[in-house]
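Chains as they are written, first to last, in the working numbering: chain Z, 62 to 262; chain W, 2 to 381.
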């Protein structure tokens, strides 16, 4: 079930070494910095998705000395905008559910992850969507992610269920596999495109 | 092990702090010094009001940053230079305003005490399994490093340095998780692993004035610095605190009855240690003879343990009586605790009470920050 098996991929037009572009400078319309919070049951692979996304461009021989719970990554879009994601992982165990508001406060993006082999985790995902609709910031961009798509032989949550739920709630939907890296970059690129742009006036 | 990297990173900042002071002593910065001084003085005109005070300080930092950027002394300065100056300013101002802004309300002090007492109780029985920390991650010896970082928090007055203690603690934990993932082949599980360990470490550390420290950093750390990674780890400690405050049997993997009984036993044991012998009494001459060979029970002195009846003086009666009363009080409290424990089937071993690590934590009052004064000989 790990996320460390295959080699990182180097496709996609992401920029390397740009993590400190804006340092503490004021955000402008070309360089966006956004807080992204990850929600979902423990064991659905939240942090695997992020590690795959962030390490994808690292030299596999370099030792990453960062923690796996906070990571940041900058990507470049076609229109030469860069988006720096500051990714906040949350503990998915039930006993920490009440702490989530501390983490999603001020987040511009929420990525809600479930495991396609676990209907329970899909229910939990819906719980998080409702909670964010009630208590999150009103213009938060939400993405629903069905992870572990490589385990399709054990699938218990039909793709259509995910699509329908996301559509009814105005969310972006995608199925990913952190293990094979399928759709991982697409997930973040799609989110980046959906971010509200600061007006350049 | 790579865990030693979270060392004291305070050498460079303090260097730049003296750099800041030097610049402020330059006659050319007299206008800045005046603004700083009048800001600090203006604080004493009003009674403390944390939310308001936080905003006032942040606004002041903001104005000063603009003033420094425009100042001839900093002409041609890089972003880093300005940042250094601002770190110096934060440290200077907050050290001066410390007693006024830190734990300034009785409610804060009360909250601090309540949290600390609750943690003391939890320390007597809480184990990593209660938080479902996987066995491969359990590493009490190395966690001590993280504990130590957190316990340093009251040794500093500047918000930046307090925040650094939190960051260092979190870095140690992260390194340990990373090591485990490499050596034990444990898949890195991000916050699912990190938060439980941080909560456990926080309980082990029982950091002094946890609530007040968090509030102080939140209000007075320069806002542009409490972002990104720093904000994330800070939020995790806030979240650990909040978890501990609301903690009950349902928060842990433990039977409700076991939880209640362990808490109760810890409370009773706590009472035992609170009834301390009155050391203030004048120690009689005969007692002094034996004073150096006592300490049978660790903390407490029972100086007459080896005394012979013939050596006792009339003057010893008062102290003997007081010790006698003390022993009886403790004994009966202990009996109650033991009786309580034996009613629970199998019950845990008698809880050893008091400080888990080094006894009650001594609050180091800003040893690292003796607040230097800005020399005003140049002006007025």
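Glycine is no exception: its CB is placed at the ideal position from the N, C-alpha and C atoms.
Item: Interface flag, residue 200 (chain Z) vs chain W, CB-CB below 7 angstroms; Value: no
Item: Bridge partner(s) assigned by DSSP for residue 137 (chain Z); Value: Z:143
Item: Simplified DSSP assignment, three categories, for residue 48 (chain W); Value: coil
Item: Under 7 angstroms between C-beta atoms of residue 92 (chain W) and residue 29 (chain W); Value: no
Item: Buried or exposed by the 16-neighbour rule on C-beta atoms within 10 Å, applied to residue 100 (chain W); Value: exposed
Item: Any alpha helix (DSSP H) of 4 or more consecutive residues that is wholly inside the stretch 134 to 175 of chain W; Value: 141 to 152
Item: Of the residues W:125, W:105, W:42, the one placed nearest residue 271 (chain W), counting alpha carbons only; Value: W:125
Item: Rounded separation between residue 226 (chain W) and residue 233 (chain W) - CA only; Value: 12 angstroms
Item: Rounded C-alpha distance that separates residue 214 (chain W) from residue 154 (chain W); Value: 8 angstroms
Item: Nearest to residue 253 (chain W) (by Cα), restricted to the options W:146, W:129, W:178, W:319; Value: W:129
Item: Counted within 10 angstroms of its Cβ, other Cβ atoms place residue 166 (chain Z) as buried (16 or more) or exposed; Value: exposed
Item: Residue 284 (chain W) versus residue 21 (chain W): straight-line alpha-carbon distance, rounded; Value: Any reading at residue 284 (chain W) needs caution, since the residue's pLDDT is 45, under 50, leaving its predicted position unreliable; the model's value is listed next. Distance between the alpha carbons of residue 284 (chain W) and residue 21 (chain W) is about 52 angstroms.
Item: Supposed contact pair residue 212 (chain Z) and residue 235 (chain Z) - C-beta distance, whole angstroms, cut 8 angstroms; Value: 16 angstroms between Cβ atoms; not a contact.
Item: Endpoints, beta strand (DSSP E) assigned at residue 175 (chain Z); Value: 170 to 176
Item: Cβ shell of residue 245 (chain W) (< 8 angstroms), same chain only, five flanking positions each side left out; Value: 116, 119, 120, 123, 200, 203, 204
Item: Chain W contacts made by the stretch 163 to 184 of chain Z, where a contact means CB separation under 7 angstroms; Value: 163, 164
Item: Residue 308 (chain W), DSSP secondary structure in three states; Value: coil
Item: Alpha carbon of residue 54 (chain W) to alpha carbon of residue 157 (chain W), nearest angstrom; Value: 20 angstroms
Item: Members of the stretch 208 to 228 of chain Z that neighbour chain W once the beta carbon cut-off is set at 8 angstroms; Value: none
Item: Test: residue 203 (chain W) CB closer than 7 angstroms to a CB of chain Z; Value: no
Item: Which of helix, strand or coil DSSP assigns to residue 360 (chain W); Value: With a pLDDT of only 37 at residue 360 (chain W), under 50, the local geometry of the prediction cannot be trusted, and no value is derived from it.
Item: Cβ-Cβ distance between residue 101 (chain Z) and residue 157 (chain Z) below 7 angstroms; Value: no
Item: Residue 113 (chain Z) - containing alpha helix (DSSP H), residue span; Value: 107 to 116
Item: CB contact check: residue 231 (chain Z) to chain W, cutoff 7 angstroms; Value: no
Item: Length of the line joining the Cα atoms of residue 321 (chain W) and residue 327 (chain W); Value: 10 angstroms
Item: Nearest candidate by alpha-carbon position, reference residue 245 (chain Z), set Z:109, Z:214, Z:215, Z:170; Value: Z:109
Item: Minimum length 4: unbroken alpha helix (DSSP H) runs contained in the stretch 192 to 263 of chain W; Value: 192 to 206, 211 to 221, 229 to 247
Item: Proximal residues, the stretch 181 to 195 of chain W versus chain Z, C-beta separation under 7 angstroms; Value: 188, 189, 190, 191, 192, 193, 195
Item: Element boundaries [alpha helix (DSSP H), containing residue 112 (chain W)]; Value: 107 to 124
Item: Contacting residues, own chain, Cβ-Cβ under 7 angstroms from residue 170 (chain W) (five flanking each side not counted); Value: 147, 150, 151, 202
Item: C-beta neighbour in chain W for residue 131 (chain Z), strict 7 angstroms; Value: yes
Item: Proximity of residue 242 (chain Z) and residue 138 (chain Z) at Cβ, strictly below 7 angstroms; Value: no
Item: Whole-angstrom distance between residue 185 (chain W) and residue 194 (chain Z), CA atom to CA atom; Value: 40 angstroms
Item: Contacting residues, own chain, Cβ-Cβ under 6 angstroms from residue 290 (chain W) (five flanking each side not counted); Value: For residue 290 (chain W), the predicted structure reports a pLDDT of 45, less than 50, and the residue's modelled location is therefore unreliable. The matter cannot be settled from this model.
Item: Classification of residue 46 (chain W) by the beta-carbon crowding that lies within 10 angstroms, buried from 16 upward; Value: exposed
Item: Strand pairing of residue 94 (chain Z), partner residues [DSSP]; Value: Z:145
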